[in-house]
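A.B. asks: As numbered in mature numbering (1 follows the signal peptide of the UniProt record, and there is no 0), residues -21 to -1, 1 to 103 make up the sequence shown, in order.
Here's a structure for you.
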Amino acid sequence: MKKILSIQNALIALPLLFVLACSDDEKKPDCGCDGATALVVRNANAAYVGNGYFSVEQTNQGNEKYRMVIQVCGEPDASWAVSADSVQLNYTISGDLKKNCMMDGIQPITAQPGPFRLKELTRK
């Protein structure tokens, strides 16, 4: 009887050990397309430059305009029209700019295009 209980307990404990051993203890980094939002962009003028990249017009606190380059998460839409030149802003864009991921523990340069979760895109 004791032997049956021991076998029964082992059969119950064995799957539990597999579940605990296979659990993902590593936290996923809070960056990239599925990471935290660094900046919300609403109805910004943008130029599509191709391959999923947009040059987005922004205004700083001193009311000066500048451009930031973003890379849309996922595959670019084949219907997006590349701007004739980067000065011509051919879209209005909204979405979430995500944090860049560190590479081997090193923060990437700030000029690197950030991953962008597109919410709305309107051609002008």
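All C-beta atoms in this analysis are idealised placements derived from N, C-alpha and C, irrespective of residue type, glycine included.
Since this is a predicted model, take the numbers as computed values, not measurements.
Would you check if the distance between the CB atom of Gly93 and the CB atom of Ala17 is smaller than 8 Å?
C.D. replies: Here residue 93 refers to the residue found at position 114 of the sequence shown. Here residue 17 refers to the residue found at position 38 of the sequence shown. Yes, these two residues count as a Cβ contact at 8 Å.
A.B. asks: Could you tell me whether the Cβ atoms of Ile72 and Val28 are closer together than 8 Å?
C.D. replies: Numbered from its first residue, the sequence shown carries residue 72 at position 93. Numbered from its first residue, the sequence shown carries residue 28 at position 49. Cβ atoms of Ile72 and Val28: not closer than 8 Å.
A.B. asks: In angstroms, rounded to a whole number, what distance separates the CA positions of Ala57 and Leu100?
C.D. replies: The residue you call residue 57 lines up with position 78 of the sequence shown. The residue you call residue 100 lines up with position 121 of the sequence shown. One C-alpha to the other measures close to 14 Å.
A.B. asks: Among the candidates Trp59, Asn39, Cys12, whose CA atom is the shortest distance from the CA of Ala26?
C.D. replies: In the sequence shown, the residue the question calls residue 26 occupies position 47. Comparing Cα-Cα distances from Ala26 to each of Trp59, Asn39, Cys12, the minimum goes to Trp59.
A.B. asks: Between which two residues does the beta strand (DSSP E) harbouring Glu36 extend?
C.D. replies: Numbered from its first residue, the sequence shown carries residue 36 at position 57. 32 to 38 is the extent of the beta strand (DSSP E) around Glu36.
A.B. asks: How is Val61 classed by DSSP in three states: helix, strand or coil?
C.D. replies: Along the sequence shown, read from residue 1 onward, the residue named residue 61 stands at position 82. Here Val61 sits in coil by DSSP.
A.B. asks: Can you check whether the CB of Leu76 is closer than 8 Å to the CB of Ile49?
C.D. replies: As a position in the sequence shown, residue 49 is number 70, starting the count at 1. As a position in the sequence shown, residue 76 is number 97, starting the count at 1. Yes, the pair counts as a contact, with Cβ atoms nearer than the cut-off.
A.B. asks: How would you label Gly53, buried or exposed, when you count the other beta carbons within 10 angstroms and need 16 or more for buried?
C.D. replies: As a first step, residue 53 must be located in the sequence shown, where it is residue number 74. Under this definition Gly53 is an exposed residue.
A.B. asks: Using only CA atoms, which one of Pro8, Lys7, Cys12 lies nearest to Lys98?
C.D. replies: Taking the sequence shown and counting its residues from 1, the one referred to as residue 98 is at position 119. Comparing Cα-Cα distances from Lys98 to each of Pro8, Lys7, Cys12, the minimum goes to Cys12.
A.B. asks: Assuming Val61 contacts Arg46 (C-beta within less than 8 Å), just tell me the rounded distance between them.
C.D. replies: Within the sequence shown, the letter at position 82 stands for residue 61. Within the sequence shown, the letter at position 67 stands for residue 46. The Cβ separation is near 16 Å, so there is no contact.
A.B. asks: With a threshold of 16 other CB atoms inside 10 Å of the CB of Leu(-11), please say whether the residue is buried or exposed.
C.D. replies: Reading the sequence shown from its first residue, position 11 is the one you call residue -11. For Leu(-11), the pLDDT reaches just 47, beneath the cut-off of 50, and the residue's location in the model is therefore unreliable, leaving the point undetermined.
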